[in-house]
Structures are given as C-alpha cells and as structure tokens.
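First comes the structure, then the notes that go with it.
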Amino acid sequence: MVAPVDKLKGKKIVVVGGTSGIGHGAALALLEHGAHVTIVSSSEQRVKSVVEGIGNPNLHGKVGNVREEESFIELLRSLAPIDHLVFSGVDKGEIAEANFDECKHLFGVKFWGAAICGKAAAKYDIISSGGSLTLTSGTGAMMPGKTASIGGALNAGLFTMTQGLALELADKRIRVNCVVPGIVSTELWDKMGTIGKGDEQAQKLEAMGKKLPVGFCATGEHIAEAYLYAVRADYATGSLITIDGGGVLK
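Numbered per this note's numbering, the sequence shown spans residues 10 to 259.
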C-alpha cells in the first residue's frame, strides 16, 4: 500500500477559497503532504499575501471570481489538467437580520460557485480521470437552529448537488464528495458578527466547544483532515463527510 504522505506527492490540486478559513487550512494540509497547490480567490491582495507569506515553491495563486462564470471556467481550463479540485465556502446568520442582497451574493458564491465547478468538470477535461471534486457544506443542513435558516437551506442543497454530481461525473471517473464541518474558529465569525469579536468571540467559541463531545472548538487545521480523506479515498464518492466534534449528536 502506498503511504498516505506519498499518495498526494506531486499531485496538482486547486483550492478555491484557499486564502482564508477552512479552505486555507485545507491548502496548507495538502501542501504538507507534497501536493502542488494553486489557491484561487477573488482578492488579488489576499492571494499575493498568502503565497508570499507561506513561501513554498509548490504553492501558487490565481485570482478568480466564481460569480463570473465564463472567466472562472476559463481559469480552471488554463490550470488543467489537475488531479483534484476543492471548493470551500461561507455561511450566514439569522434571517431577521439578513440583508437579502448579501444572501443572494452568498448563494452566488457558495451554491452557484459549486455548481460552476461541477459544470466545468463535466464539460471540459479539467480534472484527470481518477481525480476528485470536493465541495463544502455545513451541519446547518441537518440541524439549522435559529441562526441558519438561509445557510442551512443552502447547505442542504449542496448535499443533493454532491450526490447528483457523483453520478454525473462517474463516467469520467471523477469522484465527488462534500465536507460537512460544524463549529469552526475562523475569521468568518468576524464577518457574520453573531458572537462579537476579539476576546468575546474567542470566549464564546471556547464555551461552544466545551459543550461538544470532543470538548473543544475546531480550527481550520482540524477540518483539513476531512479534505485529505476526500482527495485520497479512492472508494468514496457521493459521500457527505461530517466533521463536527459530535455536534449533530446533541
């Protein structure tokens, strides 16, 4: 059996959303396992900052916006052939406080962005045979709670998309899976503004983590293990990979 660390060595992997949060954690983990990683973000400044900050010759960055379908697909085609494509996304807070222009933007990025990745993989030879597409959802799809009406609905849609794409891309021997994280400590909380910032935010995340069976709140590094599984597990497709510290059990 090939050692896991060798299985990704030299593989070409694109991580959309790899400059921050969960996507950044996934990109770092893939790099550590010897992959050649290209991170994609709509922010040129963020791409440059991350690539220069890490300073790994196997890390590259590209600017691309999933809301601009044609140019984004052309970007993916320019990077082809690749072995794996990872798409990470964002979530939303309470519906009473929702700005629906922002919500439409969220769907444009997370839901339609995932769909565009699937379309590109189906229509063009972007992902090599035997490769994979990994999407990102969230446990709000299973237990939405009072702050996840919109995000929960979006995430549930990604469940169906994952399983549908797994069937559609099977003839091309491309696996499709979805990572389903629970509570994670990332800068996304600053954007959502639901649990404050700084020390207040850290304390609330710590308190939420203590209520989980594992006893702590995850970081992007913890969630990255699920992405490693998704890209390496040759027998997994259509899988919803929940990694939430046991949160759905409560």
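Glycine is no exception: its CB is placed at the ideal position from the N, C-alpha and C atoms.
According to DSSP, simplified to helix, strand and coil, what is residue i?
i	result
Lys101	At Lys101, the pLDDT of 44 sits below 50, so the modelled position is not reliable and the matter cannot be decided from this model.
Thr228	strand
Thr195	coil
Ser158	helix
Val223	coil
Glu79	helix
Met170	helix
Ala235	helix
Asp243	coil
Lys128	helix
Gly122	helix
Gly117	helix
Lys20	coil
Gly32	helix
Gly255	coil
State the start and end residues of the unbroken beta strand (DSSP E) segment that holds residue i.
i	result
Ile252	Leu249 to Ile252
Arg184	Arg184 to Pro190
Asp92	Ile91 to Phe96
His45	His45 to Ser50
Lys181	Run containing Lys181: none; DSSP gives neither H nor E here.
What is the C-beta distance between residue i and residue j, in whole angstroms, given that I count them as a contact (C-beta under 8 Å)?
i	j	result
Gly160	Phe96	At roughly 16 Å, the Cβ-Cβ gap does not stay under 8 Å, so Gly160 and Phe96 are not in contact.
Tyr236	Ala38	7 Å
His93	Ser50	With a Cβ gap of about 18 Å, His93 and Ser50 do not count as contacting.
Val188	Thr145	5 Å
Leu249	Phe168	6 Å
Ile192	Gly218	7 Å
Val75	Thr47	The pair is not a contact, with the Cβ atoms about 15 Å apart (cut-off 8 Å).
Leu174	Gly127	5 Å
Can you tell me whether residue i is buried or exposed? The criterion is at least 16 other CB atoms within 10 Å of its CB, across all chains shown.
i	result
Ser29	buried
Val257	exposed
Pro222	exposed
Ala150	buried
Asn65	exposed
Asp180	exposed
Asp152	According to the sequence shown, residue 152 is Met rather than Asp. Met152 is exposed by the Cβ-count criterion.
Leu176	exposed
Arg182	exposed
Ala233	buried
Thr113	Going by the sequence as given, residue 113 is Lys instead of Thr. Result: exposed.
For the alpha helix (DSSP H) containing residue i, list its first residue and its last residue.
i	result
Val56	Glu53 to Ile63
Lys219	Gly207 to Lys219
Gly42	Looking at the sequence itself, residue 42 is His, so the reference to Gly does not match. No alpha helix (DSSP H) contains His42, which DSSP labels as neither H nor E.
Leu138	A small fix is needed here, since residue 138 is Ser in this sequence, not Leu. It is not in any alpha helix (DSSP H) - Ser138 instead sits in the beta strand (DSSP E) that spans Ile136 to Thr145.
Strictly by DSSP, which residues pair up with residue i?
i	result
Lys71	Val49
Val25	Val49 and Phe96
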